[in-house]
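There are 2 protein chains.
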Amino acid sequence: MNLHTYFRSSASFRVRIVLNLKNQAYQAIPVHMLRDGGEQHSPAYRAINPLGLVPALETDEGPVLTQSIAICEFLEETYPEPRLLPADRFERAWVRSLCNVIACDIHPINNLRVLKYLKTELGHSEEEKTAWYRHWIVTGLEAIEKMIGDRAGQYCLGDSITLADAFLVPQVWNALRFECPLDRFPTIATVYENAMALEAVKLAQPSAQPDAE
Amino acid sequence: MNLHTYFRSSASFRVRIVLNLKNQAYQAIPVHMLRDGGEQHSPAYRAINPLGLVPALETDEGPVLTQSIAICEFLEETYPEPRLLPADRFERAWVRSLCNVIACDIHPINNLRVLKYLKTELGHSEEEKTAWYRHWIVTGLEAIEKMIGDRAGQYCLGDSITLADAFLVPQVWNALRFECPLDRFPTIATVYENAMALEAVKLAQPSAQPDAE
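Line by line, the protein sequences are chains A and B.
Here numbering that gives the first Met the number 0 is used: the first residue of the first sequence is 0, the next is one more, and so on.
Here numbering that gives the first Met the number 0 is used: the first residue of the second sequence is 0, the next is one more, and so on.
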C-alpha cells in the first residue's frame, strides 16, 4: 500500500498509527504541505486525490481512499485484527464519537488552511492565530477529558487500544507542539503517555517519518 | 427514542434524515441554540450530553449517543434496512469519505460557535463572516462536485440513497440559506433536488420541525 502523507499532518498520523497497529506494511509517499504553496495542490497529487488533502491511501485492489475516518473504517473492515472498534455497538458508538470530537470539532478549525486564511485574508497576527488555536484545542480537550474521565484505563476505553487513541494521540501531539499545557487534562495526559509508549505509535509519530524536518 | 435537536442544526438534520429513511419513530426534543446564550450549554442539557452540542440520541437500551457520524453508524448497525452504506467496502469508504468532506472539512469551520468567535473575539463584520462562510462552503462543494461528478445517478452514488445524501442535503440547505448559488455545482443541485423530493427528507428539513421559526 502507498500512503500519501505529511509528517506533521495529524490526519496522516492517525492512519499511520492504525496501519502500524494492524501490522500492515506501507510505503510512505511524502507530500510537502508547505513547499511551493503546498504539494497537495499540485496537478500530480490532485490526480491521485482530487480533494488536495492528505492522507490518501492507495491499496493494491481498488480506488484511492481519502479522509482519515473513512480510511480507518476501511482498514478496520479489511484487517479486523487487532480490532480497534469494540464489539459492543454502544461502545463502538462511543469510540466513534470520541474520534469525531477530534476529527470534526477540534482539528478542522485549526487546520493549516484555516490558520492561513486567518493570517492572509483576515490579517491576524501570530498571537491571535495562536490564541485561536489554543481556544479550540482547550475546548475540545475539556470535552474529551470529561468523556474519558470514568471510562479510561490504560487507554481511552479501558485497557484496550482503540481508534479513539489513534485519533487522540495526534491531537495531543499538536497541543504540545503549540505549548498547550495538559495539567488540566490528567486522564488525557496519561492515555497519551501510555499510547506513545507503544512501538506502533512511536513509529507513526512525526519525528519518525522519512520527511521529518 | 428521543432526539435532542435544533431545527437549523445541520448535524441534527442529518440524523433526522437517517431516522426517517429507516422508518424509526422518535420524539424530537428541541434545544434552542441561540436562546439564553444557547440551551445546549445549560446544566440540564450538559447532564444529557456533556459535549454541549446537538444532536444527541437517547435510545431505550443504552447510554446517550453523541456526534452525528457516530449516531448514523449506530443507526446503520442497529437498523440495517434500508442500508445506507453500500455492501462493497470500497464504495462504503467512498460514501464515508464524502460524509467526512462535509462533516470535517466544511461544516465545523462554519459552525455557530466559530462564527461567533469571529464576531465577538476577533471583531469581524457580518460581511467578513459571510465571506468566510461562503469561502469554505464553495471550497467544499467544489470537492464534492468533483467526487460525485462521474458516480452520481439520482443520488450521490448511483440511484440508491446513502449516508452521503443524508450529509449532503443539510449542507446544501445551509449553502442556499447563505445565498451561495449552485450554478457551478450542477450534479450537487440535481442530487439535492431528488433527495429533497423524498418524504423522509422533506419531513427532516428545518421548516418541518416543531421548533421551526
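For glycine and all other residues, C-beta sits at the position ideal for the given N, C-alpha and C.
For clarity, every value in this text was computed on a predicted model and none was experimentally measured.
| Check | Outcome |
| --- | --- |
| Here's a check: name, in chain order, each residue in its chain whose Cβ is nearer than 8 angstroms to the Cβ of residue 167(B), leaving out the five neighbours to either side. | 97, 101, 143, 155, 187, 190, 191 and 194 |
| Apart from the five residues on each side of it in sequence, which residues of its chain come closer than 6 angstroms, Cβ to Cβ, to residue 73(A)? | 64 |
| Hey, does residue 1(A) have any beta-carbon neighbour from chain B nearer than 8 angstroms? | no |
| From residue 5(A) to residue 53(A), what does the alpha carbon distance come to, in whole angstroms? | 7 angstroms |
| Is DSSP giving residue 3(B) helix, strand or coil here? | strand |
| Return the Cβ separation of residue 139(B) and residue 105(B) in integer angstroms, given the expectation that the two are a contact with Cβ distance under 8 angstroms. | 3 angstroms |
| For the segment 95–120 of chain A, enumerate the residues whose C-beta is nearer than 9 angstroms to any C-beta of chain B, in chain order. | 95, 96, 97, 98, 99, 100, 102, 103, 104, 105, 106, 107, 108, 110, 112, 113, 116, 117 and 120 |
| Listing by chain order, which chain A residues have their CB less than 7 angstroms from the CB of residue 61(B)? | 89 |
| What residue range does the beta strand (DSSP E) around residue 81(B) cover? | Element bounds for residue 81(B): n/a, residue is neither H nor E. |
| Take every Cβ of the segment 37–57 of chain A, pair it with every Cβ of the segment 2–19 of chain A, and state whether three or more of those distances are shorter than 8 angstroms. | yes |
| Could you have a look at residue 159(A) and say whether DSSP puts it in helix, strand or coil? | strand |
| Along the beta strand (DSSP E) that carries residue 120(A), what are the first and last residues, could you check? | Residue 120(A) -> no beta strand (DSSP E), and no H or E assigned at all. |
| Quick check: the Cα distance between residue 47(A) and residue 23(B), rounded to an integer number of angstroms? | 39 angstroms |
| Report the partner residues of residue 29(A) according to the DSSP bridge assignment. | 4(A) |
| In chain A, which residues lie with their C-beta within 9 angstroms of the C-beta of residue 50(B)? | 96, 100, 104, 142, 145 and 146 |
| Spatial neighbours of residue 114(A) within its chain, please: CB distance less than 8 angstroms, with the 5 preceding and 5 following residues excluded, ordered by chain position. | 128, 131 and 132 |
| The beta strand (DSSP E) that contains residue 198(B), what's its start and end? | From DSSP, residue 198(B) is part of no beta strand (DSSP E) but of the alpha helix (DSSP H) over 198–201. |
| Closest to residue 59(A) by C-alpha separation, out of 91(A), 205(A), 178(A) and 77(A), would be which residue? | 77(A) |
| For chain A, check one thing: does any of its Cβ atoms lie closer than 8 angstroms to the Cβ of residue 77(B)? | yes |
| Alpha helix (DSSP H) containing residue 90(B): first to last residue? | 88–99 |
| If the criterion is Cβ atoms closer than 8 angstroms, does the pair residue 123(A) and residue 121(B) meet it? | yes |
| Can you tell me which of 68(A), 206(A) and 85(A) puts its alpha carbon nearest to the alpha carbon of residue 107(A)? | 68(A) |
| By the criterion of Cβ-Cβ separation under 8 angstroms, what are the contact partners of residue 18(B) in chain A? | Neighbours of residue 18(B) on chain A: none; closest Cβ ~15 angstroms, over 8 angstroms. |
| Assuming contact is defined by CB atoms lying nearer than 8 angstroms, are residue 162(A) and residue 84(A) in contact in what I supplied? | yes |
| Here's the rule I'm using: 16 or more other beta-carbon atoms within 10 Å means buried, otherwise exposed. How should residue 43(B) be labelled? | exposed |
| Between which residues of its own chain and residue 165(B) is the CB-CB distance below 6 angstroms, once the five residues before and five after are set aside? | 13, 16 and 17 |
| Check residue 141(A) in the structure and name its three-state DSSP category. | helix |
| Going straight from the alpha carbon of residue 170(A) to that of residue 116(B), what length do you get? | 21 angstroms |
| Which residues in the same chain as residue 184(B) place their Cβ atom closer than 8 angstroms to its Cβ, once the five residues preceding and following it in sequence are excluded? | 140, 141, 143 and 144 |
| Quick one: give me the first and last residue of the alpha helix (DSSP H) that residue 192(A) is part of. | 185–195 |
| Run through the DSSP bridge pairs and tell me what residue 57(A) is partnered with. | 1(A) |
| Buried or exposed for residue 34(B), please, with buried defined as at least 16 other CB atoms from any protein chain shown within 10 angstroms of its CB. | exposed |
| Taking C-beta pairs closer than 7 angstroms, name the residues in chain A that residue 162(B) reaches, listed in chain order. | None at all; the shortest Cβ gap to chain A is about 11 angstroms. |
| Check this for me: beta carbons of residue 32(A) and residue 26(A), under 8 angstroms apart or not? | no |
| With distances taken Cα to Cα, identify the nearest neighbour of residue 93(A) among 93(B), 61(B) and 28(B). | 61(B) |
| Against residue 127(A), what residues of chain B qualify as contacts under a CB-to-CB distance less than 9 angstroms, listed in chain order? | 120 and 121 |
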